[in-house]
Amino acid sequence: MRTKFFRLSFVLIFVHLFSFGQSEDMARIDGARYIPLYGRDSTVVEVKDFDLDKYPVTNEQYMDFVRKFPEWQKSKAKKIFADGMYLRSWKDDFELNDDAKLNSPVTYVSWFAAKAYCDCMGKRLPTMDEWEYAAMSDETSKDARIKKSYNEKILSWYEAPRSNENQIGQNPKNYWGVSDLHGLVWEWTSDFNSVMLSGESRKDQDGDNNLFCGSASVGATDLMNYAAFMRYAFRGSIKANYAIKNLGFRCAKDIETP
Amino acid sequence: MKKTLFILCSILFIGFTACKNDSSKSSDEAIAYYCPMECEGDKTYDEPGSCPVCKMDLVPIETIKESEKRSDEISDLSIFNIKSTWTNQNGEDLQFEDLKGDVLVTVMIYTSCKAACPRLVADMRNIEERLSKSTKENVKMVLVSIDPITDTPERLKAFAEENVMDKHPWLFLRSSEDNTREFAAVVAVNYMKISPIDFSHSNIITVFNAEGEMVFQQEGLGVNSDATVQNIEKAVASIQ
Numbered sequence: 001m002r003t004k005f006f007r008l009s010f011v012l013i014f015v016h017l018f019s020f021g022q023s024e025d026m027a028r029i030d031g032a033r034y035i036p037l038y039g040r041d042s043t044v045v046e047v048k049d050f051d052l053d054k055y056p057v058t059n060e061q062y063m064d065f066v067r068k069f070p071e072w073q074k075s076k077a078k079k080i081f082a083d084g085m086y087l088r089s090w091k092d093d094f095e096l097n098d099d100a101k102l103n104s105p106v107t108y109v110s111w112f113a114a115k116a117y118c119d120c121m122g123k124r125l126p127t128m129d130e131w132e133y134a135a136m137s138d139e140t141s142k143d144a145r146i147k148k149s150y151n152e153k154i155l156s157w158y159e160a161p162r163s164n165e166n167q168i169g170q171n172p173k174n175y176w177g178v179s180d181l182h183g184l185v186w187e188w189t190s191d192f193n194s195v196m197l198s199g200e201s202r203k204d205q206d207g208d209n210n211l212f213c214g215s216a217s218v219g220a221t222d223l224m225n226y227a228a229f230m231r232y233a234f235r236g237s238i239k240a241n242y243a244i245k246n247l248g249f250r251c252a253k254d255i256e257t258p
Numbered sequence: 001m002k003k004t005l006f007i008l009c010s011i012l013f014i015g016f017t018a019c020k021n022d023s024s025k026s027s028d029e030a031i032a033y034y035c036p037m038e039c040e041g042d043k044t045y046d047e048p049g050s051c052p053v054c055k056m057d058l059v060p061i062e063t064i065k066e067s068e069k070r071s072d073e074i075s076d077l078s079i080f081n082i083k084s085t086w087t088n089q090n091g092e093d094l095q096f097e098d099l100k101g102d103v104l105v106t107v108m109i110y111t112s113c114k115a116a117c118p119r120l121v122a123d124m125r126n127i128e129e130r131l132s133k134s135t136k137e138n139v140k141m142v143l144v145s146i147d148p149i150t151d152t153p154e155r156l157k158a159f160a161e162e163n164v165m166d167k168h169p170w171l172f173l174r175s176s177e178d179n180t181r182e183f184a185a186v187v188a189v190n191y192m193k194i195s196p197i198d199f200s201h202s203n204i205i206t207v208f209n210a211e212g213e214m215v216f217q218q219e220g221l222g223v224n225s226d227a228t229v230q231n232i233e234k235a236v237a238s239i240q
């Protein structure tokens, strides 16, 4: 009798989990106001509460997607939406290269493809401010940007080759329960093209001059600026149809107000 | 319904490109063959073999190019692949595909802009003035708003009237913020909101041919527009 009751309550808990709250593959991020390192000219931005995928989208998940939406198959994607490198680590529409793993993050995907994937899942790409906000936490704190260990870890990853071939979930979860924001692949954001920086200072008309002031600071902030600078500079240098080896994505979702 | 059509079209298209890749092997398809030396002029054969005159192997005639030219098909690189809906200054909804057949010259601006946009608009005007009357008939000068919240169709209309641009070849467009981001992504325009009324944005004027393929981009403010004008004229000349 008692075991039956326990079973029933377990069942109830599961039902509860599935019917309410966020799905188990997303983590709830509590919004706040914060100052991003770059991109907004040191102004405070507000991030509302949102859900974020715990892991980057994997090859396997992306394969399910292209089965349902053939227009995004390797052989069918239009060049305006994905350049010739699209899904380069795949043999064909439904098969990976021999050295690629199903549980590795999908890379060589364009912004258009990433956006379409999230749209089809009823989600969206995270904004740059949301992504940076979720990514500034380490295992124990929401804002770990001033910690030396946090920055050194990120920079050592930036130096590590071929991390895109690793599998998801091998890096520790951060404060929010989200993994792999650092350490695996770089990720698309919905407004990646809001970075006003061409990578060539002559061409930056009204771009963010602060981007080049990082060298004035010292210590941990120096490292922190450098890591963030690399991310912003990278975003500023890519185009939406680029498919790149170490660039994947994950989705976010607004919180539905009941 | 639209989706199935789209999928069908893409499958068809893949069919064509696949042909392109192994055109020498596709012997079972009903295509014509000709002698590469053209010993007998334009004569074609139904079967592969060798030329009765010079004995060279017959070569299949490339039929792909004609199919690509068919007017109802959208090329892989065309902005007509973007299916978002836009509203013009008269409050009418349209898709980029509705503009097919004309050469499009686009720029992204916002009407409350005080710094770069007036100069960008001036650059557009300058380009428009340099086009011949006959060229202009096949050109649309499109100003796309990066601030769709402020730039309502009414606001665009007022801006157009104020600047004496509420007439051919000028066209003002706005859409959702999402669709605007997407269009900006296609034309590689970067922009961000820096205050409630101001945006920072790249100054790029883009020329699309009548098939919606990007053929030229002019970057910067007040730059020499010779190349842009040339490209517009070239694109108009290639419309049959």
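Residue numbers (the UniProt record's numbering), protein chains in the order written: chain A, 1 to 258; chain B, 1 to 240. Glycine included, every Cβ here is placed at the ideal spot set by N, Cα and C. Since this is a predicted model, take the numbers as computed values, not measurements.
(request) Using alpha carbons as the reference points, say which of B:Val107, B:Arg125, B:Asn81, B:Ser78 lies closest to Tyr191 of chain B. (result) For Tyr191 of chain B, the closest C-alpha among the options B:Val107, B:Arg125, B:Asn81, B:Ser78 is that of B:Val107.
(message) Rounded to whole angstroms, what is the Cα-Cα separation between Lys91 of chain A and Tyr110 of chain B?
(response) Across the structure, Lys91 of chain A and Tyr110 of chain B are spaced so that their CA atoms are roughly 44 Å apart.
(request) Using alpha carbons as the reference points, say which of A:Pro105, A:Asp49, A:Ala82 lies closest to His182 of chain A. (result) Nearest C-alpha to His182 of chain A among A:Pro105, A:Asp49, A:Ala82: A:Pro105.
(request) Sort A:Ala252, A:Ile255, A:Ser149 by Cα distance to Leu223 of chain A and report the nearest one. (result) Nearest of A:Ala252, A:Ile255, A:Ser149 to Leu223 of chain A, Cα basis: A:Ser149.
(request) From the DSSP output, in three-state form, read off Ile204 of chain B for me. (result) Three-state result, Ile204 of chain B: strand.
(request) With DSSP collapsed to three states, give me the class of Arg151 of chain A. (result) Sequence inspection shows Asn at residue 151 of chain A; the Arg mentioned does not correspond to that position. In this structure, Asn151 of chain A counts as helix in the three-state DSSP scheme.
(request) Would you decide whether Leu37 of chain A is buried or exposed? Buried here means 16 or more other CB atoms lie within 10 Å of its CB. (result) Here Leu37 of chain A is buried, its C-beta having at least 16 other C-beta atoms within 10 Å.
(request) Mark Ile197 of chain B as exposed unless 16 or more other C-beta atoms lie within 10 angstroms of its C-beta, in which case mark it buried. (result) Only exposed fits Ile197 of chain B, as fewer than 16 other CB atoms lie within 10 angstroms of its CB.
(message) Only counting the same chain, and skipping five residues up and downstream in sequence, which positions put a Cβ closer than 7 Å to that of Glu213 of chain B?
(response) Annotation for Glu213 of chain B: Ser75, Leu77, Ser78 place their beta carbon closer than 7 Å to its own, counting only its chain and skipping 5 residues before and after.
(message) My assumption, with CB atoms under 8 Å, is that Glu40 of chain B sits in contact with Val53 of chain B. Please give the rounded CB distance.
(response) Distance from Glu40 of chain B to Val53 of chain B at the Cβ level is roughly 6 Å; contact confirmed, criterion being Cβ atoms closer than 8 Å.
(request) Closer than 7 Å by C-beta to Gln167 of chain A: which residues in its own chain qualify, once you throw out the five before and the five after it? Chain order, please. (result) Same-chain partners within the cutoff: Lys101, Asn103, Ser104.
(message) Short of 6 Å in beta carbon distance, which residues of its chain neighbour Met128 of chain A, apart from the five on each side in sequence? Order them along the chain.
(response) Thr189, Asp191, listed in sequence order.
(message) Can you check which of these residues, B:Lys43, B:Arg119, B:Thr180, is closest to Ser84 of chain B by C-alpha distance?
(response) Closest by C-alpha distance to Ser84 of chain B, out of B:Lys43, B:Arg119, B:Thr180, is B:Thr180.
(request) Classify Asn88 of chain B as helix, strand or coil using the three-state DSSP reduction. (result) Asn88 of chain B falls in the strand class under three-state DSSP.
(message) I need the straight-line Cα distance from Pro48 of chain B to Lys100 of chain B, nearest angstrom please.
(response) Their backbone Cα atoms lie some 39 Å apart in a straight line.
(request) Measure the alpha-carbon distance for Ala240 of chain A versus Gly84 of chain A and round it to whole angstroms. (result) Roughly 13 Å separates the two Cα atoms.
(request) State the start and end residues of the unbroken beta strand (DSSP E) segment that holds Met108 of chain B. (result) Per DSSP, the unbroken beta strand (DSSP E) holding Met108 of chain B starts and ends at 103–109.
(message) Between Thr150 of chain B and Ser112 of chain B, how many whole angstroms is the CB-CB distance? I'm expecting something under 8 Å.
(response) 6 Å between Cβ atoms; contact.
(message) Give me the chain A residues within the contact set of Val215 of chain B, using Cβ-Cβ distance strictly less than 9 Å, ordered along the chain.
(response) Near Val215 of chain B there are no residues of chain A at all, since even the closest Cβ is about 13 Å away, more than 9 Å.
(message) Closest to Asp53 of chain A by C-alpha separation, out of A:Gly236, A:Phe229, A:Asn246, A:Glu187, would be which residue?
(response) Selected option, being the one with the closest Cα: A:Glu187.
(request) Using a cut-off of 8 Å between C-beta atoms, extract the partners of Trp176 of chain A located in chain B. (result) The premise fails here: Trp176 of chain A is roughly 25 Å from chain B at the closest Cβ pair, so nothing lies under 8 Å.
(request) Mind reading off the beta-carbon distance from Val207 of chain B to Asn231 of chain B? Whole number of angstroms is fine, and I expect it under 8 Å. (result) 5 Å between Cβ atoms; contact.
(message) Can you find the residues in the same chain that come closer than 6 Å, C-beta to C-beta, to Leu120 of chain B, ignoring five residues on each side of it along the sequence?
(response) Correct list, in chain order: Val107, Ile109, Asn203.
(request) Using the Cα positions of Pro70 of chain A and Leu156 of chain B, report the straight-line distance between them to the nearest angstrom. (result) When rounded, the distance between both Cα atoms is 38 Å.
(message) Taking the straight line between their C-alpha atoms, what separation do you get for Thr140 of chain A and Glu92 of chain B?
(response) Looking at the two C-alpha atoms, the distance is approximately 53 Å.
(request) Could you name each continuous beta strand (DSSP E) segment of 3 residues or more that falls completely within the segment 142–204 of chain B, going from the start of the chain to the end? (result) Within the segment 142–204 of chain B, the complete beta strand (DSSP E) runs of at least 3 residues are 170–174, 191–195, 198–201.
(request) Indicate the three-state DSSP secondary structure (helix, strand or coil) for Ile146 of chain A in the structure shown. (result) Of the three classes helix, strand and coil, the one that applies to Ile146 of chain A here is coil, per DSSP.
(request) Could you please give the first and the last residue of the uninterrupted alpha helix (DSSP H) stretch that includes Trp111 of chain A? (result) Per DSSP, Trp111 of chain A belongs to the alpha helix (DSSP H) from 111–120.
(message) Just verifying my parser: in three-state terms, what is the DSSP assignment at Thr58 of chain A?
(response) Strand, per DSSP.
(request) Label Ser238 of chain B either buried or exposed according to how many other C-beta atoms from any shown protein chain fall within 10 Å of its C-beta, with 16 as the threshold for buried. (result) Exposed, by the Cβ-count rule.
(request) Can you grab the Cα-Cα spacing for the pair Lys167 of chain B / Thr107 of chain A, in whole Å? (result) If I take the Cα positions, the gap works out to 46 Å.
(request) Given a cut-off of 8 Å, decide if Leu125 of chain A and Ala243 of chain A are closer than it, judged by their beta-carbon atoms. (result) No. Outside cutoff.
(message) Counting only C-beta atoms, is Ala160 of chain A closer than 8 Å to chain B at any point?
(response) Chain B, which has no Cβ nearer than 8 Å to the Cβ of Ala160 of chain A, makes this no.
(message) Looking only at its chain, what residues have a beta carbon closer than 6 Å to the beta carbon of Ala235 of chain B, apart from the 5 residues adjacent to it on each side?
(response) Only Val103, Asn209, Val215 meet the Cβ criterion.
(request) Say whether chain A places a C-beta atom closer than 8 Å to the C-beta of Met192 of chain B. (result) Yes, its Cβ sits closer than 8 Å to a Cβ of chain A.
(request) For the beta strand (DSSP E) containing Val195 of chain A, list its first residue and its last residue. (result) Counting along the chain, Val195 of chain A falls outside any beta strand (DSSP E), and DSSP gives it neither H nor E.
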